[in-house]
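Let me begin by presenting the structure, written as structure tokens, before commenting on it.
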Amino acid sequence: MKTKKLTTMALLLTLSIIGANIKFLSSIALDSAPAFLASMLMSPIAGFWVGSLGHFATALTSGFPMGGIAHIVIMFNMGITMYLFGKCYHMEQFTQVIRTLLAVAIGLLINVGLSLLCMIPIIGWGVVVTLFVPLTVASLANIFLAILMYQFMGKMRR
């Protein structure tokens, strides 16, 4: 891996760890904005790793409130979310607006919908229903923060 790419990933992971300490609720935090940014700026694979490790940092700083197994499942779902978000964002056959809308929809669908469905057997329906609104708000905040950072970075390069 090239030094610049590795350094950028390390910086984004550091930002993710900082975001892990800015919590909405328990282990729902601003840890995924840098991962969404990694998916857009670098690659879906980079987003996968920053998202997975970023959630681990959030779980660690929260004391693994839902248990180790639950947070391993969430880590994997975060990685998949970032990977598919990045894939949608980089689909060249669509306009930038369509790609962004698809990426946001996929990001929400997987990060909220699929993640919560996977958690039902582990934490139960009651907790899943309780987490739906805060997780949706946090996901939207993380996605739009990443898009804003990406747009700002593009304007800085011009």
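For the numbering used here, add 36 to where a residue sits in the sequence shown, where the first one is 1. Virtual Cβ for every residue (Gly too), placed ideally from N, Cα, C.
Quick one: using the 10 Å Cβ neighbour count with 16 as the cut-off for buried, is residue i buried or exposed?
i      : result
Ala-46 : exposed
Val-86 : buried
Can you tell me which of the options puts its alpha carbon nearest to the alpha carbon of residue i?
i       : options                            : result
Leu-144 : Gly-160, Thr-117, Val-133          : Thr-117
Phe-188 : Lys-40, Phe-130, Val-86, Leu-77    : Leu-77
Leu-138 : Val-148, Ser-151, Leu-153, Gly-122 : Gly-122
His-107 : Thr-50, Ser-62, Val-169            : Ser-62
Ala-93  : Met-127, Thr-50, Tyr-125           : Thr-50
Val-164 : Thr-44, Gln-132, Met-102, Gly-190  : Met-102
Leu-150 : Gln-132, Ser-79, Thr-172           : Thr-172
Ser-98  : Thr-166, Ala-56, Ala-82            : Ala-56
Within a Cβ cutoff of 8 Å, which residues of the same chain sit near residue i, ignoring the five residues on either side of it in sequence?
i       : result
Ser-175 : Ser-68, Gly-143, Leu-144, Asn-147, Val-148
Met-185 : Ala-69, Leu-73
Can you round the beta-carbon distance between residue i and residue j to whole angstroms, since I take them to be within the 8 Å contact cut?
i       : j       : result
Ser-88  : Met-114 : 6 Å
Ile-179 : Phe-72  : 6 Å
Ile-64  : Gly-90  : With 8 Å as the limit, Ile-64 and Gly-90 do not qualify as a contact, their Cβ atoms being about 12 Å apart.
Tyr-119 : Thr-136 : About 17 Å separates the two Cβ atoms, so there is no contact after all.
Quick one: what's got a C-beta closer than 6 Å to residue i's C-beta in the same chain, skipping five residues either side?
i       : result
Leu-181 : Ala-69
Per DSSP, what kind of secondary structure is residue i in: helix, strand or coil?
i      : result
Phe-60 : strand
What residues in its chain sit with their C-beta under 7 Å from that of residue i, if we drop five residues either side in the sequence?
i      : result
Ile-58 : Ala-65, Leu-66
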